[in-house]
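The block underneath contains the structure these notes are about, expressed in structure tokens.
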């Protein structure tokens, strides 16, 4: 049984709990989640609920479809996947909470949204940490230190499955084109509910206001906030550029999605099914990365062809931003174990930059 798109938040969660209690979807409830009996080939017989926030024509959803197709084919239909894109299962935070509680099996969420649940993942959102290359960024995320950081999701009751791409974030603003940190003075920027992102804009001289993803367009249109940050496809597919004067390609941060499962649910799967989930993740992230690479130039050109002014920061401007951002790293990251991971990340980043 599919949950209608109009349902969200606690309404969707309540309905899912009812379905589980009634044996909805043909699954049997077990202590480790809804893993069900063994089906064809020894896989758990079950339906996976997979939620995310992006529209169906996004690279993220392309990856989700690839995940679904791969695991359903590999398990000969013993495992099926119900996809809930476009925040059908509630707000970003509600989807993380739903996964933590076991009401959603797998979700794909921006690292910044996960930070209130697992503080260590805020490292991903540090300004001007990453090389301005998706391929180099992927190399770092897929490395041993990336796996170490992904493993910290266990602290929040999640099983980290992988890093999914969203691209580099851009600034969009009304009234003020951004060239240097001081240009944020007097501006209020919409961010996700992440202390790291809020601190970032405060240290640059502006202010930040968390606004729910579904409300960003109206907040921009009505002037509740002066600007926001998001990658190209999010800006274009949500028409944010139509209610902003400037779109600035800054490479200041990455929109990296965490594909993660409820840990108890994942641990309740048999070994063969766990491996199928991991293989489906590999197929999904590859499809998402390929689609992002194939569409970013198109989204960029479409924004350039719009009424918004499109500007790319110069190397000198980026260098000034980077210099102003390094003290932010020290302010945001004070936990000793996080400092150790950050040091390893920077070492790996320097390594891939020099290759």
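Residue numbers (mature numbering (1 follows the signal peptide of the UniProt record, and there is no 0)): -23 to -1, 1 to 332. Backbone N, C-alpha and C define an ideal beta-carbon position, used for all residues, glycine too.
Tell me which residue opens and which closes the beta strand (DSSP E) that residue i is part of.
{"i": "residue 242", "result": "Taken as a continuous stretch (DSSP letters only), residue 242 belongs to no beta strand (DSSP E), being part of the alpha helix (DSSP H) at 240 to 244."}
{"i": "residue 27", "result": "23 to 28"}
{"i": "residue 331", "result": "Unbroken run through residue 331 is the alpha helix (DSSP H), 313 to 331; no beta strand (DSSP E)."}
{"i": "residue 61", "result": "56 to 61"}
{"i": "residue 169", "result": "First-last for residue 169: undefined, no H or E at that position."}
{"i": "residue 189", "result": "Unbroken run through residue 189: none, as it is neither H nor E."}
{"i": "residue 20", "result": "Premise fails: residue 20 is in no beta strand (DSSP E) and is neither H nor E."}
{"i": "residue 289", "result": "286 to 289"}
Among the options, which has the Cα closest to the Cα of residue i?
{"i": "residue 219", "options": "195, 51, 226", "result": "195"}
{"i": "residue 213", "options": "197, 277, 261, 256", "result": "277"}
{"i": "residue 299", "options": "228, 322, 243, 163", "result": "228"}
{"i": "residue 134", "options": "239, 97, 226, 148", "result": "239"}
{"i": "residue 162", "options": "175, 146, 179, 148", "result": "179"}
{"i": "residue 42", "options": "115, 200, 258", "result": "258"}
{"i": "residue 223", "options": "304, 30, 287", "result": "287"}
{"i": "residue 22", "options": "249, 181, 144, 34", "result": "249"}
{"i": "residue 132", "options": "320, 289, 237", "result": "237"}
{"i": "residue 221", "options": "53, 242, 198", "result": "198"}
{"i": "residue 263", "options": "31, 24, 44, 127", "result": "44"}
{"i": "residue 47", "options": "256, 331, 125", "result": "256"}
{"i": "residue 327", "options": "175, 117, 15", "result": "117"}
{"i": "residue 242", "options": "235, 254, 231", "result": "254"}
{"i": "residue 114", "options": "32, 18, 128, 142", "result": "142"}
Between which two residues does the alpha helix (DSSP H) harbouring residue i extend?
{"i": "residue 272", "result": "248 to 281"}
{"i": "residue 304", "result": "292 to 309"}
{"i": "residue 338", "result": "One cannot answer for residue 338 here, as it falls past the ends of the chain, which runs -23 to 332."}
{"i": "residue 37", "result": "36 to 51"}
{"i": "residue 194", "result": "193 to 198"}
{"i": "residue 210", "result": "209 to 214"}
On the premise that residue j lies in contact with residue i, defined as a C-beta separation below 8 Å, what is that separation, rounded to the nearest angstrom?
{"i": "residue 150", "j": "residue 82", "result": "About 38 Å; that fails the 8 Å criterion."}
{"i": "residue 78", "j": "residue 27", "result": "With a Cβ gap of about 16 Å, residue 78 and residue 27 do not count as contacting."}
{"i": "residue 140", "j": "residue 233", "result": "6 Å"}
{"i": "residue 123", "j": "residue 130", "result": "With 8 Å as the limit, residue 123 and residue 130 do not qualify as a contact, their Cβ atoms being about 12 Å apart."}
{"i": "residue 35", "j": "residue 210", "result": "6 Å"}
{"i": "residue 20", "j": "residue 56", "result": "6 Å"}
{"i": "residue 269", "j": "residue 152", "result": "The pair is not a contact, with the Cβ atoms about 30 Å apart (cut-off 8 Å)."}
{"i": "residue 146", "j": "residue 215", "result": "Wrong, their Cβ atoms sit about 14 Å apart, outside the cutoff."}
Original post:
Which parts of the stretch 69 to 140 are runs of the alpha helix (DSSP H), unbroken and 4 residues or longer, counting only runs that do not cross its ends?
Top reply: 69 to 78, 88 to 91, 111 to 118, 121 to 128
Original post:
Does the stretch 88 to 95 come within contact of the stretch 163 to 181, defined as at least 3 CB pairs closer than 8 Å?
Top reply: yes
**OP:** Report yes or no: do three or more beta-carbon pairs, one from the stretch 97 to 110 and one from the stretch 301 to 316, lie closer than 8 Å?
**Re:** yes
Original post:
Counting pairs of beta carbons, one from the stretch 184 to 193 and one from the stretch 51 to 70, are three or more of them closer than 8 Å?
Top reply: yes
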